[in-house]
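Trainee: With the working numbering applied, the sequence shown corresponds to residues 27 to 464, in that order.
Here it is, the structure in full.
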Amino acid sequence: MNSLRARLFATTLAALALTLALTIAIGAVLTRRQVDRSQAVSIARRADDLAQDRRQNVNYKRQNRVVGGVRIMIEPRRSFRTVVPDVNKSSDGVVTYEGAKQLYSYRTLPHLGLVLLRPASLQAAAWRPFLGDLLLAALAGVVLAAVLSFVVARSISRPIRRVAAATRALAADESHEPLPTGGTTELASLAQAFNQMTEQLAASRQAERDFLLSVSHELKTPLTAIRGYSEGLADGAFEADEAARIISLEAGRLERLVRDLLDLARMNRSEFSVQREPLDLAEVAREAVRRHEAAAQEFGVALTAAGDETWVDADADRVLQVTSNLVENALRETPAGGAVTVRAEPGRLFVTDTGPGIRAEDIPHAFERFYLYDKADKDRPLGSGLGLAIVKQLSTAMGGEVSVRSSAAGTTFEVRLRPHLQGVDDLEVGTGQPAERV
Numbered sequence: 027m028n029s030l031r032a033r034l035f036a037t038t039l040a041a042l043a044l045t046l047a048l049t050i051a052i053g054a055v056l057t058r059r060q061v062d063r064s065q066a067v068s069i070a071r072r073a074d075d076l077a078q079d080r081r082q083n084v085n086y087k088r089q090n091r092v093v094g095g096v097r098i099m100i101e102p103r104r105s106f107r108t109v110v111p112d113v114n115k116s117s118d119g120v121v122t123y124e125g126a127k128q129l130y131s132y133r134t135l136p137h138l139g140l141v142l143l144r145p146a147s148l149q150a151a152a153w154r155p156f157l158g159d160l161l162l163a164a165l166a167g168v169v170l171a172a173v174l175s176f177v178v179a180r181s182i183s184r185p186i187r188r189v190a191a192a193t194r195a196l197a198a199d200e201s202h203e204p205l206p207t208g209g210t211t212e213l214a215s216l217a218q219a220f221n222q223m224t225e226q227l228a229a230s231r232q233a234e235r236d237f238l239l240s241v242s243h244e245l246k247t248p249l250t251a252i253r254g255y256s257e258g259l260a261d262g263a264f265e266a267d268e269a270a271r272i273i274s275l276e277a278g279r280l281e282r283l284v285r286d287l288l289d290l291a292r293m294n295r296s297e298f299s300v301q302r303e304p305l306d307l308a309e310v311a312r313e314a315v316r317r318h319e320a321a322a323q324e325f326g327v328a329l330t331a332a333g334d335e336t337w338v339d340a341d342a343d344r345v346l347q348v349t350s351n352l353v354e355n356a357l358r359e360t361p362a363g364g365a366v367t368v369r370a371e372p373g374r375l376f377v378t379d380t381g382p383g384i385r386a387e388d389i390p391h392a393f394e395r396f397y398l399y400d401k402a403d404k405d406r407p408l409g410s411g412l413g414l415a416i417v418k419q420l421s422t423a424m425g426g427e428v429s430v431r432s433s434a435a436g437t438t439f440e441v442r443l444r445p446h447l448q449g450v451d452d453l454e455v456g457t458g459q460p461a462e463r464v
């Protein structure tokens, strides 16, 4: 009896059978009591009728006879002292007469007494037919209970079996139709939850496949370039300086890709820490500009920082990494003669460029891995394709969020972080709270 249906069937049937047995027991007791009362009322009524008849007919005689299983005795009252409690008072009840338990009804007559006796054993015979009817009804109830138990058990186990079969198919990466969501509320909720899980798992698997394909492609590109230039250098097809420059450039690109992949893997496994400490966003903006001034000059792009001192609670290294990724992305997208501005405002950091902008249909996907990578200007050094995804992950980990808006005049990325509300003094700067695992 390991199946759920068998256990439900047995449990439901047992519960119904116990209920029926209890009902029969109670019914039998109540029926017997009712029969006892009916028999007592019947013999008392008969005693009243005989007593009334004898009182109206003064010529009656003493007697002691059995009529219809009832002993009728008319004797001097003193003869019944061992039979009834009080020979001078009418009464009803149960008494032992001649060694047998008897129902009696005693009525007083002029100078005499009237007693009707009926064996108590006859009561069982009176209520046994009712007991038979109860048992027959119970048998019919058991059969009906068995049918209902089977139907209920099957109605519960069938949807669960469908979920089990669908789970096995899902584990084997096989396709299957969505589960029906009918039936009871709980089973419908189970089917809906499973269907939602299936959809999310399918989306996750597809995203994983796309990610692996993208990573394979991006790893292959610099490796192919490195191999080609190294072989060409060995064959004398390239100048040493040119080959070294390209190999160094592609190796740096490969290093950035591997580093970003490791960062994403650590974030997904929650193995990196985030500090909560007072941080001046204006100083972060200035530091990001200092780090990328050389690249901006090489691209012919004006890179500036703006904004007054404004404090947030965040991780200085992580905020700088977010800002640097956004600045690198902006420099790659901004044509020569354009400008990139890093601006700090209370609780917010903006990175704005004067590039061609992002198409409206691409904005919802801007922070997806490699989504905007193939749309970048190929004349500029490309990143890993993971920079914006890392920006999204880090911003969320610090309790903030990042968004983007774009037009033909340029693109603006906005990072919102938690403002520092308690004030900052010289002792607080650089002293953060214990690292939080995220």
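The beta carbon of each residue, even a glycine, is placed where N, CA and C say it ideally should be.
Note that the structure is a prediction, hence the values are computed from the model and not measured.
Using three-state DSSP, classify K418 as helix, strand or coil.
Mentor: The sequence position of residue 418 within the sequence shown is 392, counting from 1. Correct three-state label for K418: helix.
Trainee: So what's M99 in DSSP terms, helix, strand or just coil?
Mentor: What you label residue 99 is simply residue 73 of the sequence shown in a count that begins at 1. Strand, per DSSP.
Trainee: Considering only the alpha carbon of each residue, which of R59, Y255, T193 and S429 lies closest to L227?
Mentor: In the sequence shown, counting from the first residue as 1, residue 227 sits at position 201. With distances taken between Cα atoms, L227 lies closest to T193.
Trainee: Looking only at DSSP bridge pairs, what is F439 linked to?
Mentor: Residue mapping note: residue 439 aligns to position 413 of the sequence shown, counting from 1. V377 and V430, per the DSSP bridge assignment.
Trainee: Verify whether the separation of the beta carbon atoms of P111 and S105 is less than 8 Å.
Mentor: Here residue 111 refers to the residue found at position 85 of the sequence shown. Here residue 105 refers to the residue found at position 79 of the sequence shown. No; because the gap between Cβ atoms is not below 8 Å, this pair is not in contact.
Trainee: By Cβ distance, which residues of its chain are closer than 6 Å to I273, with the 5 residues on each side in sequence left out?
Mentor: Taking the first residue of the sequence shown as position 1, residue 273 is located at position 247. Around I273: I252 and Y255.
Trainee: In the structure shown, what three-state DSSP assignment does P185 receive?
Mentor: For this step, residue 185 is matched to residue 159 along the sequence shown. Here P185 sits in helix by DSSP.
Trainee: State buried or exposed for I52, treating a residue as buried only when at least 16 other CB atoms are found within 10 Å of its CB.
Mentor: Taking the first residue of the sequence shown as position 1, residue 52 is located at position 26. Exposed.
Trainee: Can you list, in chain order, the stretches of the beta strand (DSSP E) that have 3 or more residues and sit fully within the segment 325-370?
Mentor: Runs of the beta strand (DSSP E) inside the segment 325-370: 328-332 and 337-340.
Trainee: Since V441 and V348 should fall inside the 8 Å C-beta cutoff, what is the C-beta to C-beta distance between them, to a whole number of angstroms?
Mentor: In the sequence shown, the residue the question calls residue 441 occupies position 415. In the sequence shown, the residue the question calls residue 348 occupies position 322. Between V348 and V441 the Cβ distance is about 6 Å, and since that is below 8 Å, they are a contact.
Trainee: T367 and T330: beta carbons closer than 8 Å?
Mentor: Counting from one through the sequence shown, the residue named residue 367 turns up at place 341. Counting from one through the sequence shown, the residue named residue 330 turns up at place 304. Taking 8 Å as the Cβ cut-off, T367 and T330 qualify as a contacting pair.
Trainee: Which residue's Cα is closest to the Cα of S433: T378, D62 and P445?
Mentor: Numbered from its first residue, the sequence shown carries residue 433 at position 407. Taking only the C-alpha atoms, the option nearest S433 is T378.
Trainee: Is DSSP giving P445 helix, strand or coil here?
Mentor: Along the sequence shown, one-based indexing puts residue 445 at 419. The answer is strand: DSSP assigns P445 an E or B state.
Trainee: Would DSSP call D75 helix, strand or coil?
Mentor: For the purposes of this step, residue 75 is taken as the residue at position 49 of the sequence shown. D75 falls in the helix class under three-state DSSP.
Trainee: Please state whether DSSP places E124 in a helix, a strand or coil.
Mentor: Counting from one through the sequence shown, the residue named residue 124 turns up at place 98. In the structure shown, E124 sits in coil (DSSP, three-state: anything other than H, G, I, E or B).
Trainee: Leaving out five residues on either side along the sequence, give the residues of the same chain with a beta carbon under 7 Å from the beta carbon of S131.
Mentor: Position 105 of the sequence shown holds residue 131. Correct list, in chain order: I69, A70, A73, D118 and L142.
Trainee: Just curious, the beta strand (DSSP E) that N90 is in, first and last residue?
Mentor: Taking the sequence shown and counting its residues from 1, the one referred to as residue 90 is at position 64. Start and end: Q89 to V93.
Trainee: Which residue from E124, D79 and R180 puts its Cα closest to that of L135?
Mentor: On the sequence shown, residue 135 is found 109 positions in, with the first residue counted as 1. The candidate whose alpha carbon is nearest that of L135 is D79.
Trainee: In three-state DSSP terms, what is L135?
Mentor: Within the sequence shown, the letter at position 109 stands for residue 135. Three-state DSSP puts L135 in a strand.
Trainee: So is M223 buried or exposed if we call it buried at 16+ other beta carbons inside 10 Å?
Mentor: Looking up residue 223 in the sequence shown gives position 197. Under this definition M223 is an exposed residue.
Trainee: Looking at the structure shown, is P304 part of a helix, part of a strand, or coil, going by DSSP?
Mentor: Taking the first residue of the sequence shown as 1, we reach residue 304 at position 278. P304 falls in the strand class under three-state DSSP.
Trainee: Would you check if the distance between the CB atom of I416 and the CB atom of N351 is smaller than 8 Å?
Mentor: Along the sequence shown, one-based indexing puts residue 416 at 390. Along the sequence shown, one-based indexing puts residue 351 at 325. Their beta carbons are under 8 Å apart, which means I416 touches N351 by this criterion.
Trainee: Give the single residue among G383, A392, E371 and V55 whose Cα lies nearest to the Cα of A435.
Mentor: On the sequence shown, residue 435 is found 409 positions in, with the first residue counted as 1. Considering only alpha carbons, the answer is G383.
Trainee: I'd like to know if the segment 324-343 and the segment 307-316 are in contact, where contact means that at least 3 CB-CB pairs between them fall below 8 Å.
Mentor: The segment 324-343 vs the segment 307-316: in contact.
Trainee: Please state whether DSSP places D199 in a helix, a strand or coil.
Mentor: Stepping through the sequence shown from its first residue, residue 199 is reached at position 173. Reduced to three states, the DSSP call for D199 is coil.
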